[in-house]
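There are 2 protein chains.
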Amino acid sequence: MTKLVECIPNFSEGRRPEVLDAIAAAVRGTAGVTLLDMESDRDHNRSVLTFIGEPEAVKQAALAAAAKAVELIDMEKHQGEHPRLGAVDVVPFVPVSEMTMAEAVELSRAVGKELWERLRLPVYFYEEAAASPERKNLPDVRKGEYEGRKRDISDPKWMPDVGEPRMHPTAGAAIVGARFPLVAFNVNLDTDRLELAKAIARKVREKDGGLPAVRALGFEIKERNIVQVSMNLVNYHKTGIHQAFEAVRAEAEKAGVRVLGSEVVGLVPLDALVQCADFFLKLENFKPAQILETRLRG
Amino acid sequence: MTKLVECIPNFSEGRRPEVLDAIAAAVRGTAGVTLLDMESDRDHNRSVLTFIGEPEAVKQAALAAAAKAVELIDMEKHQGEHPRLGAVDVVPFVPVSEMTMAEAVELSRAVGKELWERLRLPVYFYEEAAASPERKNLPDVRKGEYEGRKRDISDPKWMPDVGEPRMHPTAGAAIVGARFPLVAFNVNLDTDRLELAKAIARKVREKDGGLPAVRALGFEIKERNIVQVSMNLVNYHKTGIHQAFEAVRAEAEKAGVRVLGSEVVGLVPLDALVQCADFFLKLENFKPAQILETRLRG
Chain Z
1 MTKLVECIPN FSEGRRPEVL DAIAAAVRGT AGVTLLDMES DRDHNRSVLT FIGEPEAVKQ
61 AALAAAAKAV ELIDMEKHQG EHPRLGAVDV VPFVPVSEMT MAEAVELSRA VGKELWERLR
121 LPVYFYEEAA ASPERKNLPD VRKGEYEGRK RDISDPKWMP DVGEPRMHPT AGAAIVGARF
181 PLVAFNVNLD TDRLELAKAI ARKVREKDGG LPAVRALGFE IKERNIVQVS MNLVNYHKTG
241 IHQAFEAVRA EAEKAGVRVL GSEVVGLVPL DALVQCADFF LKLENFKPAQ ILETRLRG
Chain C
299 MTKLVECIPN FSEGRRPEVL DAIAAAVRGT AGVTLLDMES DRDHNRSVLT FIGEPEAVKQ
359 AALAAAAKAV ELIDMEKHQG EHPRLGAVDV VPFVPVSEMT MAEAVELSRA VGKELWERLR
419 LPVYFYEEAA ASPERKNLPD VRKGEYEGRK RDISDPKWMP DVGEPRMHPT AGAAIVGARF
479 PLVAFNVNLD TDRLELAKAI ARKVREKDGG LPAVRALGFE IKERNIVQVS MNLVNYHKTG
539 IHQAFEAVRA EAEKAGVRVL GSEVVGLVPL DALVQCADFF LKLENFKPAQ ILETRLRG
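Each protein sequence line maps, in turn, to chains Z and C.
Going by my numbering, the first residue of the first sequence is number 1, and it counts up by one from there.
Going by my numbering, the first residue of the second sequence is number 299, and it counts up by one from there.
Now the structure itself:
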């Protein structure tokens, strides 16, 4: 298998189709990269692209898209509901296969360096690429937004990680980093007792002492007259789909409630599914390279 | 996802590296095809190639490899332990993803037609592509081998499915068909009682009234002092990995024996693993297209 990394950059433009087309074209025009998705929000005036490929190709696509955004977006005129620091607001890299987090961090650092050198965007590193704990969380790094950071960027607290302490005159600053792929996974329970779903969510989520890297909420699904424990697994290497499933099932069973089914929302890394088969079948020595389809690359 | 088909042709040459290199080069030189594996046996004087790709590309690769084999292999001089009917002895096509068995059968028929038209190889269709039940099993079709078929090919019983009833003067005849991917799956039991493994194998295999499309045998694994139920799932759409696993586990539990683990030997279609995750997690509405890696093709 080949090293694969995903990049999900957020740009501060969600209204002008010609700008979005130009940014998407920069990604599509990079050999070895596949644009998987593009979503824009008019109210947020913001768009999110998702693309994937080998690290060097993904780096080139990210830089090409960023160059277009710097050229075509003017933060002096930008308005939108969503907080933002610049035209190339956030650029996270997610290791997908055959790639360690350390390599994704290294990639994000290299991209950050070039954003400054080529485009004169000062760069902050966040999440796994953060240089200090205060810069790990995105909302903390983005505090004060574009307008505030223009004033305080020379403050030692807001010194960028790459580049000089001055905002790009029209594109502001960029936040670059690496994070694990997120798996959105819901478990449906055969009851209409919302308080049970909420109690199980509290029991299994990290915040309240549950499973590591799990966020969870309890919801009603009114049209089916059932409830759901809705989870985000922010690092499936720490807590996998099968572990989340088993934890919810165990808690439901204590309350005498049956699991009806589960659902994976959106995309899921192959690895996370193989982990499940692995766990339930007690597989010995299984390698993803044994999956026929993975043999088509590399 | 793209339509993908695997081709596993068997050629009657396992000794001369220059011939094998030429056949492999014909496959490698076909755009859109990936050669996954090549194995030769000197005693059998026979080689098996495995390659994969979209149907049209796989067809071209199979025909290019067959042309090389017809050019370089002389059945008049061929000796080997393994039964064979010709230089291009057997050419099975296996639907891997987004492809029905009917489509694989159609592909095998098209290849058979061209083997006659381009190379003057008379062709027999077998397995899912067989035109009559007597020609379904490979050993039945190959009866008499190259030497015998030269004498009896004009007998109505041995009339080829494509082409005239005369063997190619140096390459004999070819057997072409379509079959399901085979999954080799073993379940290890926490006991040294070989007779239990054998009894469970009998219980679960199709031949003795067990699960459809399952072949099974019981073995000892001496170095671990345990026994194993070793299975071939010849159509995982009929009996999947999880069903085979659950059946063996249930039988073992009746005898008070625990399942230690299981193993997938060699390659496995992604679909077969997704089926397992699906089953154990009771997934609702999951589609293989949700797997990140599958989004890279098509």
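In this text, a Cβ means the ideal position worked out from N, Cα and C, and glycines have one as well.
Cα-Cα separation between residue i and residue j, rounded to whole angstroms
| i | j | result |
| --- | --- | --- |
| G112(Z) | G80(Z) | 25 Å |
| H540(C) | L283(Z) | 11 Å |
| P510(C) | A402(C) | 21 Å |
| L217(Z) | D569(C) | 31 Å |
| R142(Z) | R215(Z) | 22 Å |
| I321(C) | K536(C) | 35 Å |
| T300(C) | A587(C) | 10 Å |
| A550(C) | I519(C) | 17 Å |
| L417(C) | G32(Z) | 38 Å |
| G596(C) | I589(C) | The predicted model places G596(C) with a pLDDT of 35, which falls under 50 and marks its position as unreliable, so this point remains unresolved. |
| A365(C) | K434(C) | 25 Å |
| E443(C) | L383(C) | 5 Å |
| S40(Z) | E128(Z) | 26 Å |
| R106(Z) | P95(Z) | Checking the sequence shown, residue 106(Z) turns out to be Glu, not Arg. Roughly 11 Å separates the two Cα atoms. |
| L558(C) | L260(Z) | 28 Å |
| T294(Z) | D450(C) | 45 Å |
| R556(C) | A548(C) | 10 Å |
| P165(Z) | A102(Z) | 27 Å |
| S452(C) | P467(C) | 15 Å |
| R15(Z) | D37(Z) | 17 Å |
| D506(C) | P437(C) | 21 Å |
Assigned secondary structure, residue i (DSSP; H/G/I helix, E/B strand, else coil)
| i | result |
| --- | --- |
| Q377(C) | coil |
| G209(Z) | coil |
| A514(C) | strand |
| F309(C) | strand |
| H535(C) | coil |
| F286(Z) | coil |
| E396(C) | coil |
| L281(Z) | helix |
| E304(C) | strand |
| V421(C) | strand |
| I371(C) | coil |
| I153(Z) | coil |
| R595(C) | Confidence at R595(C) is low in this model, with a pLDDT of 47, below 50, so the placement of that residue should be treated as unreliable; the coordinate-derived value is given next. Here R595(C) sits in coil by DSSP. |
| L590(C) | helix |
| R109(Z) | helix |
Beta-carbon gap between residue i and residue j smaller than 8 Å
| i | j | result |
| --- | --- | --- |
| A171(Z) | V204(Z) | no |
| A130(Z) | G177(Z) | yes |
| V532(C) | I498(C) | no |
| F578(C) | C276(Z) | yes |
| F478(C) | V562(C) | no |
| A385(C) | Y422(C) | no |
| A359(C) | T398(C) | no |
| L370(C) | V317(C) | yes |
| D192(Z) | V229(Z) | no |
| F51(Z) | V27(Z) | yes |
| Y534(C) | V481(C) | yes |
Neighbour-count burial assignment, residue i, 16 or more Cβ in a 10 Å radius
| i | result |
| --- | --- |
| K455(C) | exposed |
| P55(Z) | buried |
| V162(Z) | buried |
| S262(Z) | buried |
| G554(C) | exposed |
| K357(C) | buried |
| S345(C) | buried |
| N45(Z) | buried |
| N285(Z) | exposed |
| P9(Z) | buried |
| S108(Z) | buried |
| N188(Z) | buried |
| D576(C) | buried |
| S395(C) | buried |
Beta-ladder partner(s) of residue i, from DSSP
| i | result |
| --- | --- |
| P92(Z) | G177(Z) |
| A184(Z) | N232(Z) and V265(Z) |
| R344(C) | D339(C) |
| I524(C) | I519(C) |
| V331(C) | G351(C) |
| G470(C) | G384(C) and H466(C) |
| V259(Z) | L189(Z) |
| V162(Z) | V123(Z) |
| I321(C) | According to DSSP, I321(C) bridges with nothing at all. |
| I605(C) | This structure gives no information on residue 605(C), because the portion of chain C shown stretches from 299 to 596. |
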